[in-house]
Amino acid sequence: MVRFGVAVFLLSLMAAVNAAPLRVASFNIHYITPNQTDIVWSERRDAVRRVIGEMNADIIAFQEMETFVGGHFNDENRQLDWVLEHYPEYTAGAIGDPREFPITQPILFRSKRFTLEDQGWFFYSDTPDEIYSRTFNGSYPAFTTWVELTDRTTGETVRIVNNHFDYASGSNRRKSAELVANRLESVLNSGKAVILLGDFNAPGFWPPMGFLKDQGFRLVDPAGSTYHHNRGWHLIPAIDHILVTDDLCALDGIRRYTRDYKGVYPADHYPILAELSWTGKPLAQQCDSRALSG
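If you count by mature numbering (1 follows the signal peptide of the UniProt record, and there is no 0), then the sequence shown holds residues -19 to -1, 1 to 275, one letter each, in order.
This is the structure we're talking about:
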């Protein structure tokens, strides 16, 4: 009887593990710059703390997590320090010595759920492996960071690819999308699951996103504007996105975190989150096929 009870308990535990969704978020947190008069970090950091708690994400990919003090080789990152101080359950991946690894697009993950297998970066330029190389048209450096994580409970491995495309140049965005696809070709051919997310500075129907969908990525249905000018204005379609390969499905469309906290927004972009499942797991039965396009 005891053995039967233990067996039932183990089966229920396995079912619970298989049923756990993968909560993945993207958050353009906005730079800290000297003499800032708008979107001031000291005024909004508590809002950042609160929205991260509300998201309760397993993985968070940040963009613009940077403290400007001059030059690329600065290892100060007040935003990252603040987040890790208040949420020690996360480990920061896609980060390192700023002379060798850009530190402004970290990917945080729950330490108890995931192990970090690998990490890397590349810049949107003609010399993508040259750190801080300027974009294709010579404008300010922009880049992708990535981590490869293994879920401790399921053994599944996924590559999280964190992007921040140029806001000004359509040509740069298109070339950046092509570079991302090129860099991921061998990963996709190996059968690994990939989650592509970040600030693409492009609505889902613009050429860069269409190109990525043509490569086999499926876009999690955006819920509306994600860039709001730090005023809650919804003037343009979503430019922050989450895309997945066929190994994953979405339980619903994108969830935006649109509230302010006593009149203060966490940033000028809304954080976004998708609840995902592995297609081979029981939870996948709850996935909504309408939540993905590609």
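Note that beta-carbon positions come from the ideal geometry of N, C-alpha and C, so glycine has one too.
- Task: My understanding is that Q44 touches H209, with C-beta atoms under 8 Å, so please give their C-beta distance in whole angstroms.
- Result: That pair is no contact at about 15 Å.
(message) Let me confirm a value: G185 is counted as buried when at least 16 other C-beta atoms fall within 10 Å, else exposed. Which label applies?
(response) buried
Open item on the list: Starting from E45, trace the alpha helix (DSSP H) in both directions and tell me its first and last residue.
Closed with: Where E45 is concerned, there is no enclosing alpha helix (DSSP H), given that its DSSP letter is neither H nor E.
Ignore the nearest five residues each way along the sequence and tell me which others in A75's own chain have a CB closer than 6 Å to its CB. P87, I88, Q100, T126, V128
query: What are the residues that DSSP puts in a beta bridge with D132?
result: F95
| query | Could you give the distance in angstroms between the alpha-carbon of L97 and the alpha-carbon of W63? | reply | 22 Å
In whole angstroms, what separates the C-alpha of S167 from that of K243?
47 Å
Q. With respect to the beta strand (DSSP E) encompassing W259, which residues constitute its N-terminal and C-terminal limits?
A. 253 to 259
Use the C-beta contact count for F104: other C-beta atoms within 10 angstroms, 16 or more gives buried, fewer gives exposed.
-> buried
- request: Quick one: using the 10 Å Cβ neighbour count with 16 as the cut-off for buried, is N163 buried or exposed?
  value: exposed
For the pair the region 224 to 237 and the region 152 to 163, tell me if three or more CB-CB distances fall below 8 Å. no
Discussion item. Assuming A158 is part of the alpha helix (DSSP H), what are its boundary residues?
Written reply: 151 to 170
On the DSSP letters alone, give me the boundaries of the alpha helix (DSSP H) that I76 sits inside.
Careful: I76 lies outside any alpha helix (DSSP H) and carries neither H nor E.
- Item | Where D27 sits in the DSSP three-state scheme | helix
Practice task
Could you tell me which residues DSSP puts in a beta bridge with V139?
Solution key: L130, A174
query: Under a three-way DSSP split, which group does A(-13) fall into?
result: Note that A(-13) scores a pLDDT of 49, beneath 50, so its modelled location is shaky; the value from the coordinates is reported in the next line. A(-13) falls in the helix class under three-state DSSP.
*For T134, which of M36, R30, K93 has the nearest alpha-carbon?*
K93
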